[in-house]
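Chains as they are written, first to last, in the numbering used here: chain A, 1 to 99; chain B, 100 to 550.
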Amino acid sequence: MAELRTLVTKVRSKNAGPFWLTIDIFCGDAQAYARVVRDLKTEQIAGALHADSQTLKRFDMPDLNVVKFSLPRPTVQGSIGDRDMHGASWAALVGELDI
Amino acid sequence: MTRVLIPSGALGLNYDPDALARGIAAKPDIIAIDGGSTDSGPSYLGRGVSKYARSSTKREWGGLMEARAAANVPLVIGTAGTCGADATVDWMLDITREIAAEQGRPLKVAVLRSSQDPTHIAEAFEAGEITPLSAAPDITSETIRSCSNIVALAGAEQIAAALKTGADIIIAGRTTDTAIIAALPLMQGGHAGGAWHGAKIGECGALCATNPQSGVIMIDFDATGFTVTPLADGAHASPHTVSAHMLYENSDPFILYEPGGHLDVTRASYTALDETSVRVEGSEWVPSDRYTVKLEGARPAGARTVVMALLRDPRYVANAADWAQDIVTKCRAKVLDRMDIAADAFTLELRLIGQSASFGALETRASDPVEIGVIGIITAPSEDQAAEIGKLLNPYLLHHPLTQEEEQPTFAFLFSPPEMHQGTVYEFALNHVLHLADPMDAFKLEVLTVG
Numbered sequence: 001m002a003e004l005r006t007l008v009t010k011v012r013s014k015n016a017g018p019f020w021l022t023i024d025i026f027c028g029d030a031q032a033y034a035r036v037v038r039d040l041k042t043e044q045i046a047g048a049l050h051a052d053s054q055t056l057k058r059f060d061m062p063d064l065n066v067v068k069f070s071l072p073r074p075t076v077q078g079s080i081g082d083r084d085m086h087g088a089s090w091a092a093l094v095g096e097l098d099i
Numbered sequence: 100m101t102r103v104l105i106p107s108g109a110l111g112l113n114y115d116p117d118a119l120a121r122g123i124a125a126k127p128d129i130i131a132i133d134g135g136s137t138d139s140g141p142s143y144l145g146r147g148v149s150k151y152a153r154s155s156t157k158r159e160w161g162g163l164m165e166a167r168a169a170a171n172v173p174l175v176i177g178t179a180g181t182c183g184a185d186a187t188v189d190w191m192l193d194i195t196r197e198i199a200a201e202q203g204r205p206l207k208v209a210v211l212r213s214s215q216d217p218t219h220i221a222e223a224f225e226a227g228e229i230t231p232l233s234a235a236p237d238i239t240s241e242t243i244r245s246c247s248n249i250v251a252l253a254g255a256e257q258i259a260a261a262l263k264t265g266a267d268i269i270i271a272g273r274t275t276d277t278a279i280i281a282a283l284p285l286m287q288g289g290h291a292g293g294a295w296h297g298a299k300i301g302e303c304g305a306l307c308a309t310n311p312q313s314g315v316i317m318i319d320f321d322a323t324g325f326t327v328t329p330l331a332d333g334a335h336a337s338p339h340t341v342s343a344h345m346l347y348e349n350s351d352p353f354i355l356y357e358p359g360g361h362l363d364v365t366r367a368s369y370t371a372l373d374e375t376s377v378r379v380e381g382s383e384w385v386p387s388d389r390y391t392v393k394l395e396g397a398r399p400a401g402a403r404t405v406v407m408a409l410l411r412d413p414r415y416v417a418n419a420a421d422w423a424q425d426i427v428t429k430c431r432a433k434v435l436d437r438m439d440i441a442a443d444a445f446t447l448e449l450r451l452i453g454q455s456a457s458f459g460a461l462e463t464r465a466s467d468p469v470e471i472g473v474i475g476i477i478t479a480p481s482e483d484q485a486a487e488i489g490k491l492l493n494p495y496l497l498h499h500p501l502t503q504e505e506e507q508p509t510f511a512f513l514f515s516p517p518e519m520h521q522g523t524v525y526e527f528a529l530n531h532v533l534h535l536a537d538p539m540d541a542f543k544l545e546v547l548t549v550g
C-alpha cells in the first residue's frame, strides 16, 4: 500500500464549469501509469468524494500517462454549502488515497 | 494561413511585453484575448461586474491597443469584464474610449452583446427551446425570471459577424473561450477541426507550454491543422504539453461542445517541429443538427454575514468540533426564539480552518493544529437579517465554554466589529442550451467610433 501522491508526478483538481469537477492524475511514466490504472478503482474515488460511481467518468490515457476522473461537482460552484470556489483542494483528498 | 496572436489566458493576468512585440513582428492576422470565465464564481455574473482591477485592465488593454495599431489588424476580446454581461461590455467600452482618446487614435469598434432578457428566456423555456446539459439544476420558468443576469455564449458565427464589420476592435460579451480564436481561421477556410482544437489549446495562452505564466503564444491555422508556438524566452511547447492541455478544466479530454457542433480530438496527432513548436492534425469537427448556444445565469441566493474567531487554547483546539456543534445548536435556537424567521430561511455554519474546512465530513486526516480559525457563515433572506444573526452569533464565538463549570473563556476576534457583511450572494442557476433559428437571434451587434 502507498499513498497515490507518492507514486505519481501530480494530482490536479479544477472546475470544469460550475457544475462539474475534474481530477487529473499525472503519473509521469508508463510504469507508474500501469500501476495506477491497475490499482486505483473508480469506486475508491467515488467513495472518497461521496460521488455516485454511475456519474463518475473515467479516462485512462496511456499517451499522456494520465488517469482522469470527472464528476458532477459535489456542491455546485459558489452555492451556499460550497467550500472551494475553484475545486482546487479535491486533488489533496485523492492524492492521499492508499492504493 | 491564418496567424492568431494570443497575449495571455485572460486580460488582467498580465503578459510578457517582449514576447508580445515578437508576436507583432511576426505579422499576425488578428490578436485575440479572453476576458473572463465562470471560474471565479457566480457573484460576478450575478452583479454584472469584473473580477480584475480596472487599473490592470486599462494598462494591459492599452498595451494591446498599441500593439494592434502597430500590426494594423483586428483586436478582439471575448467575455469582456469576467462575466460578459452587457454591464461589463459597457465597462470595457468605457475603458477603450479613454485609451483611444489618450492615444489620440480614432477607432472603429464593434460591440457584441450577449445578455438575455430573463422574461424572453423564460418564454423560450416554456416553449421547449431550452434543453438541460448534464448535471444541470432543475429549473422552472420562475428560476429563470429570478436571475439578475443571463448571458448566452456566442460562438464563431457571431464573432465572424463582428469581424465582417471591418472593426479595429471587437468587444464581445460572453463567448465560448475558443470562439474568438477559431472565428477568423474558419472564415478564411481553415480546417474546422484544427481551428477549434487550436483555439482550445490557445485559450489559456501559454498554459499549453512550459513557462505557462509567460502568456503569449502564436497559432498558425491552415487547411489541414495548426501549429502552436509560445513566444516568451524559455517557453517551449511539446506534444505532451499541448495534448495535456485538453485535460484542463474539461470534463471530457477528447470532446468539446461548441455552438453548432463539437470537436473530437480522439484521432489528433501531435508532432514536435522543433523544441518550441508543435504541429497538430487529425482533429475533427462534427456539426450538430440544431444550432444551440449555452446559457449561464446567476440569481440572488440571500445575503451573507461572516464572523471569524481564533482558537489558540489547546483544550479548545482539541475539542473544537464539539464546541462548534454546540454553538450552532444553541445559536440556531436563539435565532428562532428572538427573530421572526423560519428555520429553513437561514443557514448558520461554523467551519474550522486548520481542521476540516476543506472537506468537512469527507476529511480523512486528523492532527493537532496549533490554532484553529473559526469561520461562522450566515445566509439569510435580507442583509439586515444576516447582520442580526451575526450579532446573535457574536457572544458565542467570544465566550462559549466547553462546560458550564469553568470560568468564562474569551477567544480572539480579529476586528471590531468581527462581523463582515458580504451583501447579496448569488448562485449559478443555469446549465442549459438555447435553440436558435439564426446564430444572431440571441445577440446584438453595434458598430461605433471612439477616440
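The beta carbon of each residue, even a glycine, is placed where N, CA and C say it ideally should be.
Inside the stretch 297–341 of chain B, DSSP marks whole beta strand (DSSP E) runs of 3 or more residues at positions 316–320 and 324–329, from first to last along the chain. Interface criterion not met: the Cβ of Phe445 of chain B is under 8 Å from no Cβ in chain A. Only Ala48, Leu49, His50, Thr55, Lys57 and Phe59 from the stretch 46–60 of chain A bring a Cβ to less than 9 Å from some Cβ of chain B. Against chain B, the beta carbon of Ile25 of chain A has no neighbour under 7 Å; the closest one sits roughly 10 Å away. Ranked by Cα distance from Ala131 of chain B, the first of B:Gly162, B:Ile123, B:Ser142 and B:Val175 is B:Val175. The residues Gly134, Thr187, Val188, Met191 and Ile270, in chain order, have a CB closer than 6 Å to that of Ala179 of chain B in the same chain once the five nearest residues on each side in sequence are set aside.
Distance from the CA of Val469 of chain B to the CA of Pro413 of chain B, rounded to the nearest whole angstrom, comes to 8 Å. Taken through DSSP and simplified to helix, strand or coil, Phe224 of chain B comes out as helix. For Val473 of chain B, the pairing in a beta bridge is given by DSSP as B:Ala408 and B:Leu451. Taking 8 Å as the CB threshold, Ser13 of chain A stays off the interface with chain B. Secondary-structure assignment with DSSP links Lys68 of chain A through a beta bridge to A:Asp24 and A:Phe59. Nearest neighbour of Pro18 of chain A by Cα position, chosen from B:Cys182, B:Leu362 and B:Thr523, turns out to be B:Cys182.
Excluding five sequence positions before and after Thr309 of chain B, the CB atoms of its chain that fall closer than 7 Å to its own CB belong to Ala334, His335 and Thr340, given in chain order.
In chain order, Ser70, Leu71, Pro72 and Arg73 place their CB closer than 8 Å to the CB of Trp20 of chain A, counting only its own chain and leaving out the 5 sequence neighbours on each side. DSSP links Thr523 of chain B through a beta bridge to B:Ala402. In this structure, Arg35 of chain A places its C-beta atom within 8 Å of the C-beta atom of Leu7 of chain A.
Residues are counted here when their Cβ sits less than 9 Å from a Cβ of chain A; for the stretch 463–475 of chain B these are Thr463 and Arg464, given in chain order.
Residues of the same chain with a CB within less than 8 Å of the CB of Met519 of chain B, apart from the 5 flanking positions on each side, are Thr404, Val405, Val406 and Met407 in chain order. DSSP places Ser368 of chain B in no alpha helix (DSSP H) but in the uninterrupted beta strand (DSSP E) bounded by Ser368 to Ala371.
In the DSSP assignment, Ser13 of chain A falls within the beta strand (DSSP E) that extends over Lys10 to Asn15.
Using a Cβ-Cβ cut-off of 8 Å, Asp133 of chain B does not count as an interface residue toward chain A, since no Cβ of chain A sits closer than that to its own. With contact defined as three or more Cβ pairs closer than 8 Å, the stretch 453–462 of chain B and the stretch 477–491 of chain B are not in contact.
Using a Cβ-Cβ cut-off of 8 Å, Thr478 of chain B counts as an interface residue toward chain A, since at least one Cβ of chain A sits closer than that to its own. The C-beta distance from Val532 of chain B to Lys393 of chain B rounds to 5 Å, short enough to fall under 8 Å. Closer than 8 Å at the C-beta level to chain A, one finds these residues of the stretch 317–351 of chain B: His339, Ser342, Ala343, Leu346, Tyr347, Glu348, Asn349, Ser350 and Asp351. Three or more beta-carbon pairs drawn from the stretch 203–218 of chain B and the stretch 262–278 of chain B are found closer than 8 Å, and the two stretches are therefore classed as touching. For Arg146 of chain B, the closest alpha carbon among the candidates B:Asp363, B:Thr365 and B:Gly396 is that of B:Gly396. Interface flag for Leu533 of chain B against chain A is unset, since no Cβ pair is found closer than 8 Å. Per DSSP, the beta-bridge partners of His531 of chain B are B:Pro231 and B:Leu394. Val549 of chain B and Val148 of chain B have their alpha carbons spaced roughly 22 Å apart. Proximity of the stretch 84–97 of chain A to the stretch 283–291 of chain B falls short of the contact definition, fewer than three beta-carbon pairs being nearer than 8 Å. In the structure shown, Leu513 of chain B falls within a coil segment according to DSSP collapsed to helix, strand and coil. With contacts defined as CB atoms closer than 8 Å, Ala260 of chain B and His290 of chain B fail to qualify as a contacting pair. Separation of Arg366 of chain B and Ser382 of chain B (C-alpha to C-alpha, rounded to the nearest whole angstrom) is 6 Å. Separation of Pro311 of chain B and Ala125 of chain B (C-alpha to C-alpha, rounded to the nearest whole angstrom) is 21 Å. Secondary structure of Glu505 of chain B (DSSP, three-state): coil.
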